[in-house]
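The next block holds one structure in the form of structure tokens; read it before the comments.
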Amino acid sequence: MFLTAFINVRATLLLTLFSFSLMLYQFDKNSSASDWRIVDDVVMGGRSDGSFRINEEGNGVFEGSVSLENNGGFSSVRHRATFQVQGQKTIKIRLKGDGSNYQFRVKADTNDRHSYIADFQTSGDWQTVEIQLSAMYPAFRGRNLSIPNFNQAKIEEIAFLIGNKKAQTFRLEIKSIELI
Numbered sequence: 001m002f003l004t005a006f007i008n009v010r011a012t013l014l015l016t017l018f019s020f021s022l023m024l025y026q027f028d029k030n031s032s033a034s035d036w037r038i039v040d041d042v043v044m045g046g047r048s049d050g051s052f053r054i055n056e057e058g059n060g061v062f063e064g065s066v067s068l069e070n071n072g073g074f075s076s077v078r079h080r081a082t083f084q085v086q087g088q089k090t091i092k093i094r095l096k097g098d099g100s101n102y103q104f105r106v107k108a109d110t111n112d113r114h115s116y117i118a119d120f121q122t123s124g125d126w127q128t129v130e131i132q133l134s135a136m137y138p139a140f141r142g143r144n145l146s147i148p149n150f151n152q153a154k155i156e157e158i159a160f161l162i163g164n165k166k167a168q169t170f171r172l173e174i175k176s177i178e179l180i
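Residue numbers for the sequence shown follow UniProt numbering, beginning at 1 and rising by one.
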């Protein structure tokens, strides 16, 4: 009993000591906008129009307009790559928004229909947003699901989405996305 407890405590300490940050995406002037894919409400008949580019400073810029026409109302930008979660507990994003609310989303498996979501408010200035992975809730097409919050060993897709149930223009400038 004592030996098992000692081994568990030691393993926990080692995992804590050797947990490392993992850069999911660091934008720079050599980044390619083609690494990211826009998905707007046009997939269901809407008229929103988002775009993604790399600006002169080397930051990713997600911008456009959200329309409520034809039952629309969202725009998103997504990046697919596999990242192993090895003791990290937080997503840290360096960004500059326009004062609007956004969602950061992850998928543990690209075959999943649902995403794990965290909502955040932008200030209009450069800011660092920190999101606890365990606080990311599962949802599909705007509906919360009755399954546990994110507790996976990998991430296969990261995304930003705007969909505030109003017509609006938007602009989100992203410097980095890190798992810490």
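Glycine included, every Cβ here is placed at the ideal spot set by N, Cα and C.
Quick caveat, the model's predicted, so the values are computed rather than measured.
Which of helix, strand or coil does DSSP assign to E57? coil
Span of the beta strand (DSSP E) holding F140? From DSSP, the beta strand (DSSP E) with F140 extends over Y137 to F140.
Select from G72, R78 and Q132 the residue whose C-alpha is nearest the C-alpha of K89. Q132
In this structure, how does DSSP classify V85 when only helix, strand and coil are distinguished? coil
Is T169 buried or exposed, if buried means 16 or more other CB atoms sit within 10 Å of its CB? So T169 ends up on the exposed side.
Would you mind stating whether A139 and L145 have Cβ atoms separated by less than 8 Å? yes
Within 10 angstroms of the Cβ of K166, are there 16 or more other Cβ atoms? Answer buried if so, exposed if not. So K166 counts as exposed.
6 Å Cβ shell around D28 - same chain, five flanking residues per side excluded: So the qualifying residues of the chain are G58.
So, helix, strand or coil for N164, using DSSP? coil
Pick helix, strand or coil for D40, following the three-state DSSP scheme. strand
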